[in-house]
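Accompanying notes for the structure given below.
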Amino acid sequence: MRRDLDHLMQERGLSGLVVFAYDRYTPAMYYATGQKLHYAIYMRAADGRAHLIHDPMERDQAAHVGCDHSTFPQHGLQARLEKEGHPARAFGGLIADTCAALGMTGRIPFFGELPSGFAYEMLEHVRHVDAAIEIDRSHPDILTAARATKSEDELERIRHAAKGTVAGIARLREHLQSLRKDGDHFRANGSGWVRLGDLRRLLHTEFLAHGLEGGESIVSQGRDAGVPHNRGNDDEPLQAGAPLLVDIFPGEVGGGYFSDLTRTFCMGKAPEPLRALYGDVRDAFELAMSTLKAGEPCRSYQEKVCELFEQRGHATLRTNETADEGYVHGLGHGVGLAVHEAPRLGGPPSNVQTLDPGMVVTIEPGLYYPSRGLGVRIEDLVVIGPDGRIENLTPAPYELEIEPRG
1 MRRDLDHLMQ ERGLSGLVVF AYDRYTPAMY YATGQKLHYA IYMRAADGRA
51 HLIHDPMERD QAAHVGCDHS TFPQHGLQAR LEKEGHPARA FGGLIADTCA
101 ALGMTGRIPF FGELPSGFAY EMLEHVRHVD AAIEIDRSHP DILTAARATK
151 SEDELERIRH AAKGTVAGIA RLREHLQSLR KDGDHFRANG SGWVRLGDLR
201 RLLHTEFLAH GLEGGESIVS QGRDAGVPHN RGNDDEPLQA GAPLLVDIFP
251 GEVGGGYFSD LTRTFCMGKA PEPLRALYGD VRDAFELAMS TLKAGEPCRS
301 YQEKVCELFE QRGHATLRTN ETADEGYVHG LGHGVGLAVH EAPRLGGPPS
351 NVQTLDPGMV VTIEPGLYYP SRGLGVRIED LVVIGPDGRI ENLTPAPYEL
401 EIEPRG
């Protein structure tokens with residue numbers, strides 16, 4: 001949680017932290033300051049003293065951060081840019097000087113979203129100006145560690161995103177049920193064939209009604225549903241009897257907290273191979289959901305799901321790390337200011353993270369056989385409550401088959 005940052009800095013012997021938002025929304029800046037500052041540098045010492053340097057145009061947001069703040073012009077940024085001839089060196093000198101003013105020497109972690117060359121040049125110049133500063137290279141870094149658990153305020157933001165996500169999948173199911181079958185395809189209100197792009201746009205319209213934006217939602221079918229992150233072909237007509245995999249992960253408009261949900265549908269009666277595959281995934285999903293428990297190793301749930309799938313004849317990454325059919329990914333991941341963040345419910349044996357109260361994670365087993373035109377995934381988002389209870393944030397029906405009413 002954000003309130004853990006000072007404790008984590010002290011525990012790891014860090015003298016502070018630096019976050020740089022360089023003309024863009026940066027999750028790390030939002031997390032550290034609570035404000036969507038797009039052009040600012042935030043420096044916080046391990047004793048809690050902090051200073052924010054910001055664009056004058058964002059002075060109102062800066063005033064809400066709750067620390068001392070000043071503007072780039074007050075620090076003579078233009079003169080620094082002229083002198084250094086490279087913005088990375090200008091910002092590096094400004095950061096070094098401000099860290100010194102805050103008494104920040106020794107190991108310091110740096111955060112932001114910068115081109116690697118720019119970041120390298122900037123950090124080199126920080127060290128050139130103040131050799132007492134050491135760049136912290138710890139893994140996982142303190143922001144990753146802090147963000148793995150959520151405060152109640154963060155959980156409310158995620159619940160809001162999850163509510164819009166569930167509304168989106170409900171709206172989609174309702175729309176699919178209203179379609180009229182025409183051969184192997186479908187029509188809506190006498191129009192042409194319904195295409196995957198129509199379904200994607202319907203979802204995104206519903207998200208906007210809830211203050212969310214959809215990003216790159218997955219709406220894929222048939223062979224494409226058998227490749228886990230294939231986004232799908234918008235021009236492809238909706239097909240009867242094929243798996244329709246819908247993975248949606250909208251977040252707050254303009255940046256903020258995300259949700260994540262996947263359902264697999266079939267328009268009309270599902271062929272037996274699809275029904276069997278879906279049954280295996282549903283069993284794996286229920287196994288994982290029914291055994292989730294605070295304090296248990298995150299990776300242990302991946303092991304349980306792998307064992308079930310292997311017993312039913314499916315390849316897993318545990319038996320073949322190069323497998324591209326069968327169960328080919330981890331069981332889940334954290335969700336917050338990013339769709340994918342810590343913790344991971346999978347990975348190598350070195351992943352010893354436990355499932356702790358305050359964590360928000362996905363449970364998403366899947367089976368993928370693109371060579372057979374098949375792919376199935378079921379995913380819900382859950383939070384581990386302070387009492388260890390599991391709260392499902394994305395309750396939505398799991399039925400595979402959808403029988404159109406039209």
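The opening position of the sequence shown corresponds to residue 1 in UniProt numbering, with each subsequent residue numbered one higher.
Just so you know, even glycine gets a beta-carbon here, dropped at the ideal spot from N, CA and C.
These numbers come from a predicted model, not from an experiment.
**OP:** Please confirm if the stretch 247 to 260 is in contact with the stretch 272 to 291, defined as three or more CB-CB distances below 8 Å between the two stretches.
**Re:** no
Original post:
So which of Cys306, Arg180, Arg200 and Ala396 has the shortest CA-CA distance to arginine 405?
Top reply: Arg180
Original post:
When the Cα of arginine 372 is compared with those of Val361, Ile169 and Leu277, which residue comes out closest?
Top reply: Leu277
**OP:** Would you check if the stretch 14 to 26 and the stretch 93 to 102 touch, i.e. whether three or more CB-CB distances between them fall below 8 Å?
**Re:** Three or more beta-carbon pairs separated by less than 8 Å link the stretch 93 to 102 to the stretch 14 to 26, which places the two stretches in contact.
**OP:** Return the Cβ separation of proline 343 and valine 361 in integer angstroms, given the expectation that the two are a contact with Cβ distance under 8 Å.
**Re:** 7 Å
**OP:** Have a look at the DSSP bridge pairing and note the partners of histidine 69.
**Re:** In the DSSP output, where bridge partners are listed per residue, histidine 69 has Leu52.
Original post:
Grouping DSSP H, G and I as helix and E and B as strand, with all else coil, what is valine 382?
Top reply: strand
Original post:
CB arginine 147 to CB glycine 332, shorter than 8 Å?
Top reply: No, Cβ-Cβ distance for arginine 147 and glycine 332 is not below 8 Å.
Subject >> Buried/exposed call for aspartate 247, threshold 16 Cβ in 10 Å >> reply: buried
Subject >> Given glycine 106 as reference, the closest of Ser178, Ala119 and Met9 once Cα atoms are compared >> reply: Met9
Original post:
Using DSSP with H/G/I as helix, E/B as strand and the rest coil, what is leucine 238?
Top reply: coil
Original post:
Less than 8 Å separating the beta-carbons of leucine 208 and proline 243?
Top reply: no
Original post:
cysteine 266 to alanine 188, Cα distance in whole Å?
Top reply: 17 Å
Original post:
Going by DSSP, what residues sit across from glutamate 152 in a beta bridge?
Top reply: DSSP lists no partner for glutamate 152.
Original post:
Contact check, threonine 264 vs leucine 400 under 8 Å by CB: the rounded distance?
Top reply: A Cβ-Cβ separation of about 6 Å places threonine 264 in contact with leucine 400 under the 8 Å criterion.
Subject >> Distance between beta carbons of arginine 377 and valine 281, contact taken as under 8 Å >> reply: 7 Å
Subject >> Terminal residues of the beta strand (DSSP E) in which leucine 244 lies >> reply: 243 to 248
Subject >> CB of valine 253 within 8 Å of CB of glutamate 213, strictly >> reply: Contact: yes.
Original post:
Using 8 Å as the threshold, is the stretch 28 to 45 in touch with the stretch 126 to 142, meaning 3 or more CB pairs across them?
Top reply: Touching, no, given that fewer than three Cβ pairs across the two stretches are closer than 8 Å.
Original post:
Can you list, in chain order, the residues of its chain whose CB lies under 6 Å from that of phenylalanine 110, leaving out five sequence neighbours each side?
Top reply: Counting only Cβ-Cβ distances below 6 Å, and skipping sequence neighbours, we find Val18.
**OP:** Would you list the residues sitting across from asparagine 392 in a DSSP beta bridge?
**Re:** Paired residues: Val382.
Original post:
In chain order, what residues of the same chain lie with their CB nearer than 7 Å to the CB of leucine 203, ignoring the 5 residues before and after it?
Top reply: Gly168, Leu172, Gly214, Ser217 and Ile248
Original post:
CB-CB under 8 Å to valine 352, same chain, minus the five flanking residues each way: which ones, in chain order?
Top reply: Pro297 and Arg299
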